[in-house]
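Asker: One structure, pasted below without further comment.
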Amino acid sequence: MLVFHDATYPGGWSPEELTRLVPGDFQVANAQELPTALAQGCALLVSFHGAYFPEQAWPAILRFLQQGGNLAIFGGMPFTRPVDSSGSALPEQQAYTEQLYLGPFYPLHLPTTSLRLAPSEEAAFLREQPWQLSDAQAGNFWSFYPMLTQANDQPADLGSSGPIDTQLTPLLFLRNADEAEAQPLATPLMMLDQRSGHFKGGRWLISPWQPAAKEDWLANADALQKSLLLAAEGMHTLEARPQFACYQPGEAPTVLVSTRSRHTLQARVTISTPGGEILETRELTFPGGIAGEQRIQLPTLKTPGLYEIEVSTYGAQVTAIRRKNGFWLWNEALVESTQNKRLTAGRDYLYQQGERFHIFGTTYMDSQVQRKFLTLPNPARWERDFAAMKRAGINLIRTGIWTAWRDFMFVAGISNEAALRALDAFVMTAARHDIQVIFNFFAFSPPLFEGENPWLDPRSIEGQQEFVAAFARRYAAVQSVSWDLINEPSFGDPKRIFSERPIPNYDRFEVAAFQQWLAQRYSLAELRARWRETTANLERWEQVNLPQVRDYETTPRYTANRHMLKVMDYTLFSQEIFTRWVEHMNAAIRDAGSRTLIGVGQDEAGARISPQFYAPVVDYTTTHPWWNIDDMLCDMLLDKTVGKPNLQQEVGVMFVRDVDGRPWRSEQEQANLLERKFIMTLIARSAGLIQWLWHINAYMANENENSIGLVRADGSAKPELGVMLEFGRLMQSIQPHLAKEGPLPEVWVVIPYSQWFVRPELAIEAIRQNIRVLGYDFGIVPQMVGEHQLVELAQAGHQPHIIFAPGIQSFDADAWWALERFVEQGTTLFVSGVVTRDSHNLERVPFMFAEEAQVDEPGPVSHYEYLEGEGLERCQLSFEREKLSYIRKAHNRLEVSHLGKGRIAWSGVPLEHSASRDVMRQVYQLVLDMESKSIQQDSPVLAIKQPLGQGELALYVSESAQPERLEVQPALWIEVLPNRAGAVLIQGQEVTCFGGVQRYTKTN
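This is the structure we're talking about:
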């Protein structure tokens, strides 16, 4: 062993102390000597200097590790404080940890008392030699997010996982002394076996813990020496797995035991029955230097349930490590237990046996191998994780396939039986814990199955139908498994996923379908007028082509002529084609015998594929509220249609970097943001939430995915898990009292998709401004409705009290007819902007504006505009930057008129595109006939009250940097902590606070 030790570095030791800590003979090298010593070779590089290392030695350290060298570092987050040749420590940085795929790191802020160290399940060698923790101070701990894979194994798939280059094994946990089942707070010792990749063959022992005093190390000298011997052995793996993760009663299971090791390994395998009795014990020997595998053939089994496999190393040459796996014997009684557990959809919420079932869920595949869970199944690990989720109050998990679809169906119609048996075991585990499962089939763009277009080619669609039917048929009798057709779909070119609007694939199927779609709506003469084309360019339908990439440019600085209106039609076309595709998949699932819910897991799609359009063919809509953290309410309302529940899926926090590459937010700040999102799901009348992800996914070559989740790759809990548990406490408190669907909101807001599809910023800003003012300043959570859905809603007889059509620049003619019908029946309509341009920017005057619209010709807004009208003092508004080149006004008045039983208020200035929310509040006060919290100042807190079957729930989301004190009801005051959210449950005299809300005693 080579010990790096330099007396000038923090964390120095005497020779006698090093002898107590390091087993056997070892060599010591200081900063200057380290490169030469590494070049001469060693079995293990050891450092107790934690973060500190010699900058000039880094090339030698890196080369040593790339050659498969073993590493053990104690005393803090390694390789974060380089020391220059003069002995000065440089600022903390993560460039070096990134080069080792150790990822970003965070200091942990933990309680200072009632802590204990406990060995992990895998660290059998520490059972008889436990680590001790000082009763005084525990010291400092860090977390980090390692990337355990270095490549994509499906490069064509956006959701690709990667090879298992590194296997992380936690060895030592920091726990609360009085919480035996709680997730660990930190992992002070872990092992990284480098199975393949840049550091193949190495074993790294990392201890991101700096004890308060060196006596803590000396008190644990024996355990530390055993840990160092473990690291010196180098990479070796020992795994036991079933040939199939689930067997039918009467079948004889096979267990495969495999190793990779430089040394001869002796392994003990124990297989136990569901009742805990030992079924089989084997002792196996594997020669070193080669990968080995041996089989254990079990007898025919009849008892249903989960059988556990335990494998451990033993003998004098290796340190004992233990791992578990298992397999299921299919339990038909669990299938029968799901009867009457099927979820059904109402207008706003989901139900089970007629009772409201509010989803409190998470996303889960596997806490280690993640997206490979159906090819590398571990039912014993699933059992442990499902038990933890159940304790947290989870009632549903979302899972499925995000990549490598052909691994599950090599040939269309012929399924991978091993993968399906893995899902059998997964379904058994979920049923055992009474947890619902949503299974996702595809992601982003469905597989081609040798076709040309994933949405339109019959060959592709038939292959996809075969795929979904294979799963639906197998679990038709399992009432707790429902279906998510595709995660975050993007229409058009599969290589341009997440474009702001769909960009064509330019294949023959798409061209033909677009031509046919247009021909069903327009004559050629009408199309020429709408697209501003000449007869020479558009004389025959065969000349109709798809929009080009340049047609999507919206900045006024792009001065070349382009076909922006063609993009609008293509975007509308994409909505209808996707809806047809959903119908094809639905038919395959229903024909296969499954009757459970079907949805589509869409993100903040906007104009890509919008739930407002495909809602009629699914049982519920979804939102993945990732990025729009300053407009969360709008984000979560946008996809809630009038007739279908909306489920907030993938509720999590994206990883954001500072300019130097380090994390922008602390772990606690991420937790606070997650808390705000959780409470907002209740405010937004969601059917529930599904958090993303229970465990961080370390097996994607994607730094963002490596960071999102509640539980770190080392098994310890992020602060976000505390948010999840607290929200679970809230849900368990209110679940029995949740009210069923009441009347629809009286205030509706129209989503102007015509202008969204031609220039997204025309719609996005207007509706966000509108929703923020209605919610934060007036306490109104409105119903959002799509422009193209208005006709159907009017014909269905709905009658809202007020409809807002914000920031209008162009609008569908049939939608104007629907709004006129609402007004005639008694609705108040507020419109701001231009009302005389249809969706193709042709002049068309709606009947209800026929008199007023003849007075003024629309024109560009000025930097400073004004608005006046009855009951309104003359107000100044401002429009900024590029808006002066694409926003029009109709006039400068707030005009009020009547039609039938209703009223129309029309602001010729598009208020919601301005930077003047104070004017918006003044106008909205007149329209709503109610007072804003403040005309001059934005409200930093969203406060909404909701009735319960028994009592009342007050919900608060603060975006303020300071505590905000609010009166809930007379004599009841609360304080919302900075950037926090929470709830107050009021049941008679009993008041309970949750999350970032606490009682406050107001003094005069």
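Here numbering that gives the first Met the number 0 is used: the sequence shown runs in plain steps of one and ends on residue 1003.
For each residue, glycine too, the CB sits at the ideal point set by N, CA and C.
Model, not experiment: these values are computed from the prediction.
With DSSP collapsed to three states, give me the class of residue 285.
Answerer: Here residue 285 sits in strand by DSSP.
Asker: Using the C-alpha atoms, what's the distance from residue 18 back to residue 25?
Answerer: Cα-Cα distance, rounded: 9 Å.
Asker: State buried or exposed for residue 484, treating a residue as buried only when at least 16 other CB atoms are found within 10 Å of its CB.
Answerer: Looking at its Cβ environment, which holds 16 or more other Cβ atoms inside 10 Å, residue 484 is buried.
Asker: May I ask you to list the residues that DSSP assigns as paired with residue 804?
Answerer: Its beta-bridge partners are 830.
Asker: Can you give, in chain order, each stretch of the beta strand (DSSP E) that sits fully within the region 126-181 and has at least 3 residues?
Answerer: Whole beta strand (DSSP E) segments, 3+ residues: 139-143 and 165-175.
Asker: Tell whether a beta-carbon distance below 7 Å holds between residue 954 and residue 681.
Answerer: Result yes, Cβ atoms of residue 954 and residue 681 sit closer than 7 Å.
Asker: Which partner residues of residue 863 appear in the DSSP bridge assignment?
Answerer: Partner(s): 877.
Asker: Could you check whether residue 846 and residue 753 sit closer than 7 Å to each other, using their CB atoms as the reference points?
Answerer: Cβ atoms of residue 753 and residue 846: not closer than 7 Å.
Asker: Of the residues 732, 925 and 777, which one's Cα is nearest the Cα of residue 392?
Answerer: If we check each option's Cα against that of residue 392, 732 comes out closest.
Asker: At which residues does the alpha helix (DSSP H) containing residue 578 begin and terminate?
Answerer: Start and end: 563-590.
Asker: Counting C-beta neighbours from all protein chains within 10 Å, is the total for residue 110 16 or more, i.e. buried, or is it exposed?
Answerer: Classification of residue 110: exposed, given that the 10 Å Cβ count is below 16.
Asker: Under the DSSP definition of a beta bridge, which residues are partnered with residue 481?
Answerer: DSSP, once it has assigned bridges, lists 437 as partnering residue 481.
Asker: Could you give the C-beta distance for residue 584 and residue 463, rounded to a whole number, given that I count them as a contact under 8 Å?
Answerer: So it is a contact: roughly 7 Å between Cβ atoms.
Asker: Going by other Cβ atoms of all chains shown within 10 Å of its Cβ, with 16 needed for buried, is residue 399 buried or exposed?
Answerer: Burial call: buried.
Asker: Assuming the contact rule is C-beta atoms closer than 8 Å, residue 736 and residue 950 should be a hit. Round their C-beta distance to whole Å, please.
Answerer: Going by Cβ atoms, the distance from residue 736 to residue 950 rounds to 6 Å, so yes, they are a contact pair.
Asker: To the nearest angstrom, how far is the alpha carbon of residue 76 from that of residue 378?
Answerer: Their backbone Cα atoms lie some 33 Å apart in a straight line.
Asker: Mind reading off the beta-carbon distance from residue 740 to residue 346? Whole number of angstroms is fine, and I expect it under 8 Å.
Answerer: That belief holds up - the Cβ atoms of residue 740 and residue 346 are roughly 5 Å apart, short of 8 Å.
Asker: What residues in its chain sit with their C-beta under 7 Å from that of residue 842, if we drop five residues either side in the sequence?
Answerer: For residue 842, where only same-chain residues beyond five positions count, the Cβ hits under 7 Å are 835 and 836.
Asker: Among 815, 533, 561 and 555, whose alpha-carbon lies nearest the alpha-carbon of residue 545?
Answerer: Per the Cα distances, 561.
Asker: Classify residue 792 as helix, strand or coil using the three-state DSSP reduction.
Answerer: Residue 792 falls in the helix class under three-state DSSP.
Asker: Does at least one heavy atom of the ligand ZN sit under 6 Å from the Cβ of residue 499?
Answerer: Annotation note on the ligand ZN: not contained in the displayed structure, which lists no ligands.
Asker: How big is the Cα-Cα spacing for residue 794 and residue 415?
Answerer: Computed Cα separation, rounded: 48 Å.
Asker: With distances taken between CB atoms, is the gap from residue 193 to residue 168 smaller than 7 Å?
Answerer: Contact: no.
Asker: Look at the alpha carbon of residue 749 and the alpha carbon of residue 896, and state the distance between them as a whole number of angstroms.
Answerer: Each residue's alpha carbon lies about 20 Å from the other.
Asker: If you check the beta carbons only, do residue 791 and residue 718 fall under 7 Å apart?
Answerer: Not a contact, by the Cβ cut-off of 7 Å.
Asker: Cβ of residue 268 less than 7 Å from any chain C Cβ?
Answerer: The question asks about chain C, but that chain is absent: this structure has only one protein chain.
Asker: CA-CA distance, residue 133 and residue 215?
Answerer: Going by the C-alpha atoms only, they are around 6 Å apart.
Asker: Just confirm the distance between the C-beta atoms of residue 443 and residue 489, as a whole number of angstroms; I'd bet it's less than 8 Å.
Answerer: Going by Cβ atoms, the distance from residue 443 to residue 489 rounds to 6 Å, so yes, they are a contact pair.
Asker: Specify the secondary structure class of residue 344 as computed by DSSP and reduced to three states.
Answerer: DSSP places residue 344 in strand when its eight states are reduced to three.
Asker: Give the straight-line distance between the Cα atoms of residue 259 and residue 235, rounded to the nearest whole angstrom.
Answerer: Using only the alpha carbons, I get a separation of about 5 Å.
Asker: Locate the beta strand (DSSP E) running through residue 118, then write down its first and last residues.
Answerer: First-last of the beta strand (DSSP E) with residue 118: 114-118.
Asker: Can you tell me whether residue 322 is buried or exposed, with buried defined as 16 or more other CB within 10 angstroms of its CB?
Answerer: Per the 10 Å Cβ criterion, buried.
Asker: At 4 residues or longer, and completely inside the region 456-527: list those alpha helix (DSSP H) runs for me, N to C.
Answerer: DSSP runs (the alpha helix (DSSP H)) wholly in the region 456-527: 457-473 and 507-518.
Asker: So who's on the other strand from residue 191, going by DSSP bridges?
Answerer: Its beta-bridge partners are 167 and 203.
Asker: Out of curiosity, what's the CA-to-CA distance linking residue 329 and residue 405?
Answerer: Taking the straight line from one Cα to the other gives about 26 Å.
Asker: Considering only residues of the same chain and omitting the five flanking positions on each side of residue 223, which have a CB-CB separation below 6 Å?
Answerer: Around residue 223: 20.
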